[in-house]
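**Q**
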Amino acid sequence: MKALLRFPGARKLALTAYPIPEPDRNAVRVKTRYSVISPGTEFSQARQARANLFQKAWQRPDLVALTLRHLKSEGLRRTLTRVDHRLGRPMPMGYCAMGRVEVTGSNVSDITAGQRVAIAGMGQANHAEWNRVSVNLACPVPDTVPDQQAVFATLYALALHALRQGETSIGDRVAVIGAGLIGQLVAETACVAGALVTVIEPDPTRRELAERNECLRCVAAIKNAPESSFDSVYICAPGKGAHRLIDAATRLCRDRGTIVCVGDVAPHGARKALYEKEITIRQVRSYGPGRYDPNYEERSEDYPLGYVRWTIKRNMQAALDLMADGRLDPSPLITSEIGFEDIADHFAKGPDPAQLATLVRYRQTECVQEKPPTASERKATQATDRVQVGLIGVGNYLGGSLLPLLQKHPEVQIASCCSQSGLSAVALAKKIAGVRMSGGADELLADPGVNAVIIATRHDSHAELAAKAFAAGKHVWLEKPIAVDQAGLELLRDAIGTSPQRVFMVGHNRRYAAMTEKLREALPTSAKQFRYRVRISPLPADHWLHQSDQGGRAIGEISHFIDLIISLIDSDLIGLTCHWIDRTAGDSIWHMRFADGSVGEVSYLQGNRHDPKEVLEIDAPNFTATLFDWRKLRVNGRTTQRHWFGQDKGQAAAIDAFVSAIASGEHPALTPRIEDEIDVMGRILMAANSTKSD
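The sequence shown begins at -18 in the working numbering and counts up one residue at a time.
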């Protein structure tokens, strides 16, 4: 399919080939009929697209700090690869559209295939021929509402949310500064709510359009509106001169009035006037409660009606119902209509002050997935004796760390890829010639031109995807953790028998590092003590790892360090316990006991940015060793290996082992059997759940 994308540094937006998305369990796939261009927001985004990679980086100080830390630990080349992967992804355009549902996820019950729906959200309701949308951002359209009106449901939801922020009710006196598209909608919905509305707009064409609504009055300038007369003032104008806009709105407000910033306006003004009137300033964050909440948007957890009356979806439904009753009508605001094939040219012309809403019309073509390779093409591919790899999930780790190594490997060909939103897959296909984009994991696993997959998705999907890959007869590289609960482990255990001849490898790359091999050669055969100090940086509160179904940060990473210690001991693990300090943050201490008397401790705790992430100390009679952050190894007081620039955590050697195992048909010698991986992960989950936090 085609989607309108903005690539970093590109001067123009482009209609770009894009995988037709597969909906996950909480989403629907919609064939788009109409989308609407909101000129203020979207032309601003189009200008941002011209920023190059480094300009984008410096707009994100948090990423700059992270980049500098990676530069110190990983070296220049790998850091640049990470930055390019993270900031080089294209971004979709658009956030309000409508269409007909084609496919629904397994958890979707209130929407069925064939229904017309209005859809919302940047990254979901895109200017694209097909969209995958969370069920909480898709709202059924009443039969009496035509497509050309239903497409405005998202914008009306924004206007309704603004009115709720301003607590506007019947008889309130309301001023709307700015009569662009959003200002017109706010004014119209305020009139429907029974408010007495004054629109302030210097442009005569927009004033004339607003005056078609006989329920409101228009003035050309703020000075022409009565001071201290309005219960609420809605600022829908651009954010230039924010101080002047706030100060002007303050003059218009009555004592203890409310200023609502609908547009991109910084809430700064003269304190004296704000103080004397005790003005309340409120911001409008999108279309209502639920926006930017992953539990609402991604997991489809609705807010209880009795506690949150007006969510995004309820605002959209209210707008559609008001359109069905004829009380809201966006038709006068439609100043042009274009075909989807002309949308890039439309943006290339730049904003036109005379234009408000531009409808984008889509051809109703059939959903045709990309054809897999033919038998002759597969035969030609197999003749190269290269491993044909499919990438499931092209996030920061796979794209920044594994992908460069896969590209360089002489026996690997990256054949196909898919990602959650599809954007990373598009970026990858643009960089690497011949890579096929898949709309989802199911499509990729059905591709006969792929014989091995690397799974690097969110943790709760690992076990299910690995089981599907086994069933599809693929070799599997699975990033840790292999599962986040016992049900996932049982799923993997059952899947083993479906393809016993296939290679299964967990991305425990540290056991393959050169320093690990040096340690293995130097270690005595007697009982040993391992102290592994791991220091982690805090994650943002809204990071996906904090979601309850992801298992938590420690479960996601601890198997890396436990596996390394196991790989250094030729003895069975007979005991594993966990002491939680702060389970939410992941802070924990893990103790291991082995049959030969060896013991191990992993302290997995938050640290400051100056601390090395990993320090492993090993003691035994007449033996000491310290591995310092994968940059220096000391054995018995002597430095035996050092990396002056960057680190080597064994990813390249692990990929070599995976490829060799596929070629030979046997598991590599240093990789535990899948049964052993399942057993260790089972012990980790049991230890994590059998202890309590302090």
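Just so it is clear, CB atoms sit at the ideal spot from N, CA and C, and this is done for glycine as well. Everything numeric in this text was worked out from a predicted model, so none of it was measured.
According to DSSP, is Ala356 part of a helix, a strand, or is it coil?
**A** Since pLDDT at Ala356 reaches only 48, below the 50 mark, its modelled position is unreliable, and the value read off the structure follows with that caveat. Here Ala356 sits in helix by DSSP.
**Q** Residue range of the beta strand (DSSP E) that Ser405 falls in?
**A** That residue, Ser405, is in no beta strand (DSSP E); its alpha helix (DSSP H) goes 404 to 412.
**Q** Would you kindly work out how many angstroms separate the C-alpha atoms of His624 and His249, rounded to a whole number?
**A** So the two alpha carbons sit approximately 51 Å from each other.
**Q** Let me confirm a value: Ala576 is counted as buried when at least 16 other C-beta atoms fall within 10 Å, else exposed. Which label applies?
**A** Burial call: exposed.
**Q** In terms of alpha-carbon separation, which member of Asp212, Leu177, Gln587 lies closest to Cys199?
**A** When only C-alpha atoms are compared, the closest one is Leu177.
**Q** What three-state label does DSSP hand Ile238 in the structure shown?
**A** Note on residue identity: the sequence assigns Gly, not Ile, to residue 238. Three-state DSSP puts Gly238 in a strand.
**Q** In whole angstroms, what is the alpha-carbon distance linking Ser210 and Val155?
**A** Using only the alpha carbons, I get a separation of about 9 Å.
**Q** What does the Cβ neighbour count give for Ile555, buried or exposed, with the cut at 16 atoms within 10 Å?
**A** So Ile555 counts as exposed.
**Q** Taking the beta carbon of Tyr288 as the centre, do at least 16 other beta carbons fall within 10 Å, making it buried, or is it exposed?
**A** So Tyr288 counts as exposed.
**Q** What ranges does the beta strand (DSSP E) occupy inside the region 430 to 514, keeping only unbroken runs of at least 3 residues that lie completely in it?
**A** Runs of the beta strand (DSSP E) inside the region 430 to 514: 433 to 436, 456 to 459, 485 to 487.
**Q** Cβ of Ile570 within 7 Å of Cβ of Phe511?
**A** In this structure, Phe511 does not lie closer than 7 Å to Ile570 by Cβ.
**Q** Apart from the five residues on each side of it in sequence, which residues of its chain come closer than 6 Å, Cβ to Cβ, to Arg6?
**A** Contacts found: Gly86, Ser87, Asn88.
**Q** Measure from the alpha carbon of Gly331 to the alpha carbon of each residue in Tyr15, Ser25, Ala218, Phe609, then state which is nearest.
**A** Out of Tyr15, Ser25, Ala218, Phe609, Ser25 has the C-alpha closest to the C-alpha of Gly331.
**Q** Can you give the Cα-Cα distance for Leu286 and Asn194, rounded to whole angstroms?
**A** Roughly 33 Å separates the two Cα atoms.
**Q** The ligand MG and Val98: does any heavy atom of the ligand fall closer than 6 Å to the residue's C-beta?
**A** Questions concerning the ligand MG fall outside what the structure shown contains, since it holds no ligand whatsoever.
**Q** With the cut-off set at 7 Å, would you say Val434 and Ala450 are in Cβ contact?
**A** Yes; because the gap between Cβ atoms is below 7 Å, this pair is in contact.
**Q** To the nearest angstrom, report how far apart Leu557 and Asn617 are at their CA atoms.
**A** Between Leu557 and Asn617, the C-alpha separation is close to 28 Å.
**Q** Within this structure, are the beta carbons of Asp610 and Lys630 separated by less than 7 Å?
**A** No, they are not a contact pair.
**Q** Alpha carbon to alpha carbon, how far is Glu582 from Met573? Give it in angstroms, no decimals.
**A** Near 6 Å, if we compare the C-alpha coordinates of Glu582 and Met573.
**Q** So what does DSSP say about Ser87, is it helix, strand or coil?
**A** Coil, per DSSP.
**Q** Quick test of your reading: Tyr215 and Val157, contact by CB under 8 Å. State the CB separation rounded to the nearest angstrom.
**A** Going by Cβ atoms, the distance from Tyr215 to Val157 rounds to 5 Å, so yes, they are a contact pair.
**Q** Which partner residues does Pro73 have in the DSSP bridge list?
**A** DSSP output for Pro73 lists Leu(-14) as bridge partner(s).
**Q** Would you kindly work out how many angstroms separate the C-alpha atoms of Ala(-5) and Arg70, rounded to a whole number?
**A** Approximately 14 Å, taken between the alpha carbons.
**Q** Could you tell me the distance, in whole angstroms, from the CA atom of Leu166 to the CA atom of Glu3?
**A** For Leu166 and Glu3, the distance between alpha carbons rounds to 34 Å.
**Q** Measure from the C-beta of Ala(-9) to each C-beta in chain D and report whether the shortest distance is under 7 Å.
**A** Among the chains of the structure shown, chain D does not appear; only one protein chain is present.
**Q** Please classify Lys613: does DSSP put it in a helix, a strand, or coil?
**A** Correct three-state label for Lys613: strand.
**Q** In or out: Gly175 buried (at least 16 other Cβ within 10 Å) or exposed?
**A** Burial call: exposed.
**Q** By DSSP, does Met418 sit in helix, in strand, or in coil?
**A** Strand, per DSSP.
**Q** What's the gap between the Cα of Ile163 and the Cα of Asn377?
**A** Those two C-alpha atoms are separated by around 36 Å.
**Q** Alpha carbon to alpha carbon, how far is Pro391 from Asp128? Give it in angstroms, no decimals.
**A** So the alpha carbons of these two residues sit roughly 52 Å apart.
**Q** CA-CA distance, Cys217 and Ala160?
**A** Going from the Cα of Cys217 to the Cα of Ala160 covers about 7 Å.
**Q** Three-state secondary structure (DSSP) at Lys258?
**A** Helix at Lys258.
**Q** Got a sec? Which residues, its chain only, sit under 8 Å from Cys501 by beta carbon, not counting five neighbours each side?
**A** Reading off the sequence, residue 501 comes out as Arg, not Cys. Correct list, in chain order: Ser548, Leu549.
**Q** Can you check DSSP and say which residues form a bridge with Asp551?
**A** Paired residue(s): none; Asp551 is not in a bridge.
**Q** Starting from the Cα of Thr292, find the closest Cα among Thr135, Ala422, Asp637, Leu597 and give me that residue.
**A** With distances taken between Cα atoms, Thr292 lies closest to Thr135.
**Q** Starting from Val660, trace the beta strand (DSSP E) both ways and give me its first and last residue.
**A** According to the sequence displayed, residue 660 carries Asp and not Val. Here Asp660 belongs to no beta strand (DSSP E); instead the alpha helix (DSSP H) covers 655 to 670.
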